[in-house]
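Protein chains in written order, with this note's numbering: chain A, 197 to 402; chain B, -2 to 465. A virtual CB, placed ideally from N, CA and C, is assigned to each residue, including glycine. All values derive from a computational prediction rather than experimental measurement.
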């Protein structure tokens, strides 16, 4: 059951299984954001599902080109905010009106007016933590190991390079066919990414 | 989603002057910003760090002296129970407003020029809030039980007093610090990835890789990332306005004449933005020169900040005058006396320092030539912060030093420990800021790249025609 859920969820985070011969996928470089956007649309039209674009900054229109829906971060944040609001209300009511009521200048033990600042603060705090926690969870981060890091070219992705990666786990993936397809949609260069992590760890004990 | 994309691509093609000058490309921006975290820092950096860390050690010595002897080492006396520590607290927390304002509010208003200055302004915010949190902590006297301000179960079976503005303040400032910290860190993740990929040594690569969390710039990640960043901005916007409002409740909810006014929350927030922008300007004028990034933090950025200083300074000045009007109009004798005493009493020198620094000097920014003069901007930004420190001094001390009964009137004099603690807090602030400049990219590279015209995918349709 859990395995089944993970199998569905992991590709949405950009985490793909390598094939049996330890091929992770094909990494194609494109010349600029415009070319990458056009290529992403064509890859999607060709029916690929396990693919992602990598760029130094978000490219406008890429979500639509890749056919991604709305991000779920908003719902998670809302949940965090509601939790914070309820916690703040309960905390102030229970500590000052139930657990240890103290009469201060004849004020009511609990009233909403003086409770509002802390209700607000905890709502914001919990929403913010949920936004960041939800973002990291949906992205599958932190992810210390990623076979893409084996590519020398890929280190320019945080500088000025634009890549498109088609994972070997995609149903349509075929090493020669997909490579020819990527070259056909104007990839500057195409590279096979091997998932060498396991062999690095177990066969080269330096 | 569709309309958001359209507006984004339209605004790229407007006739505004370019945000980044000197025709920099993506790689040049990476190089220009990352380079400073990778090379040996300039000799100037070591010299300033030597001074600031000396001041930091002095601050620690003063705090140790205070803990050993108790708060009698300060000038606080019987009517003036809130002396310099609270003045310094409000001063620092005010400075800590510009960063989140620039990152959050200007982000929501799609002010793209913010990308050049938001990283360093956010860092400055964090360090200012650290300085701010220090003062009320050491002011409580028995600092070893500071955790009583938190709702933690304890052997006394007692809870904090949730009806007190002082407790709201504990929550407001610590939530502000936490949210500013995660906002800053989330913005840093892609740039830490850049530093990781550029690292030459294994140790540096591992440290950067640890904090970059395995960032690969994947669009599936950018999608959630941008949404989270937008939501954080939307959350930080009311937060930044609430922090100084809650700080002002510390004063306004009391019944002390001169404090008990409804104008305080907006007036404090305007003052906080005013002083925060002045501090950002002081630091950035120096940093852009030393680090040679005048093409990224351009004269236009400084001019825009000068306009914000002019606007908020005028709002603050208007509030000063409104306070006087309200004191007269209220017909409350004590209120009228408090304000007359402020402007003509024993602290008139402080009051008129405040008035001239905050109301008069920023008015020179109506003149475009002065808004674009670096020496003038630098001097004015320092004058503004002197004025804002005096504003908090005037509010705190002049309202307290003459109580309702003349028998409890007194004059407040700071001691040498007061003075050295304030000077030392600048050492803490500057040391943290210098370490930030040394080890982290001071400009948000990914965000600056995003506002370049080349970042728009439709830019290529007109400029280069890919063969189809």
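Its chain contains 438, 441, 442, 443 as the residues whose beta carbon lies nearer than 7 Å to that of residue 188 (chain B), once the 5 sequence neighbours on both sides are disregarded; these appear in chain order. Within the same chain, 393 come within 6 Å of residue 83 (chain B) by CB-CB distance, once the 5 residues on both sides are set aside. For residue 229 (chain B), the C-beta contacts it makes with chain A under 8 Å involve 324, 327, 328, in order along the chain. Proximity of chain A to residue 374 (chain B) at the Cβ level (cut-off 7 Å) is not reached, the minimal Cβ distance being about 30 Å. Distance between residue 293 (chain A) and residue 230 (chain B), taken at the CA atoms: about 35 Å. By alpha-carbon distance to residue 278 (chain A), the top candidate from A:222, A:209, A:321 is A:321. In the displayed model, residue 196 (chain B) falls within coil according to three-state DSSP, outside both helix and strand. Burial is judged here by how many other beta carbons sit within 10 angstroms of a residue's own beta carbon; residue 139 (chain B) has fewer than 16 and is exposed. For the segment 304 to 324 of chain A, the set of residues with a beta-carbon nearer than 7 Å to any beta-carbon of chain B comprises 310, 311, 313, 314, 316, 317, 320, 321, 323, 324, in chain order. Cα atoms of residue 274 (chain B) and residue 92 (chain B): separation of roughly 8 Å, rounded to the nearest angstrom. Within the segment 144 to 165 of chain B, 148, 154, 155, 156, 157, 158, 159, 160, 161, 162, 164, 165 place their CB atoms closer than 9 Å to a CB of chain A, listed in sequence order.
Following the DSSP letters along the chain, one finds residue 300 (chain B) inside the alpha helix (DSSP H) bounded by residues 296 to 327. Between residue 277 (chain B) and residue 59 (chain B) a beta carbon distance of about 27 Å is seen, past the 8 Å cut, so the two are scored as non-contacting. For residue 119 (chain B), the uninterrupted alpha helix (DSSP H) run begins and ends at 115 to 136, by DSSP. Proximity of chain A to residue 183 (chain B) at the Cβ level (cut-off 7 Å) is accounted for by 328, in chain order.
Across the segment 208 to 242 of chain B, CB contacts with chain A closer than 8 Å involve 210, 211, 212, 213, 214, 215, 216, 217, 218, 219, 220, 221, 222, 223, 224, 225, 228, 229, 232, 233, 235, 236, 239, in sequence order along the chain. Scanning B:301, B:73, B:261 for the CA closest to the CA of residue 111 (chain B) turns up B:301. Under the three-state reduction of DSSP output, residue 248 (chain A) falls in the strand class.
Within the segment 99 to 133 of chain B, no residue has its Cβ closer than 9 Å to any Cβ of chain A.
If you check each beta-carbon in the segment 218 to 247 of chain A against every beta-carbon of chain B, the ones closer than 9 Å belong to 227, 228, 229, 230, 231, 232, 233, 234, 236. Listed in chain order, the non-local C-beta contacts of residue 235 (chain A) below 6 Å within the same chain comprise 226, 360, 381, local neighbours out to five positions each way being set aside. Residue-level contact check: residue 24 (chain B) touches chain A, since one or more beta carbons of chain A fall below 8 Å from its beta carbon.
Counting along the chain, no beta strand (DSSP E) covers residue 62 (chain B); the unbroken alpha helix (DSSP H) around it starts and ends at 40 to 66. Residue pairing from DSSP places residue 363 (chain A) in a beta bridge opposite A:221. For residue 320 (chain B), the closest alpha carbon among the candidates B:124, B:354, B:169, B:256 is that of B:256. Around the Cβ of residue 234 (chain B), a 10 Å sphere holds 16 or more other Cβ atoms; the residue is buried. Around the Cβ of residue 348 (chain A), a 10 Å sphere holds fewer than 16 other Cβ atoms; the residue is exposed.
Interface flag for residue 190 (chain B) against chain A is set, since a Cβ pair is found closer than 8 Å. Secondary structure at residue 284 (chain B): helix, using DSSP grouped into helix, strand and coil. Here residue 216 (chain A) carries a coil assignment [DSSP, helix/strand/coil]. As the crow flies, the alpha-carbon of residue 197 (chain A) is around 14 Å from that of residue 206 (chain A). Taken residue by residue, none of the segment 389 to 400 of chain A has a beta-carbon sitting less than 8 Å from a beta-carbon on chain B. At a cut-off of 8 Å between beta-carbon atoms, residue 254 (chain A) makes contact with chain B. At a cut-off of 8 Å between beta carbons, residue 210 (chain A) contacts chain B. Residue environment: residue 261 (chain B) is assigned as buried (16 or more neighbouring CB atoms within 10 Å of its CB, all protein chains considered).
Judged by pairs of C-beta atoms under 8 Å, the segment 241 to 261 of chain A touches the segment 210 to 227 of chain B, as three or more such pairs exist.
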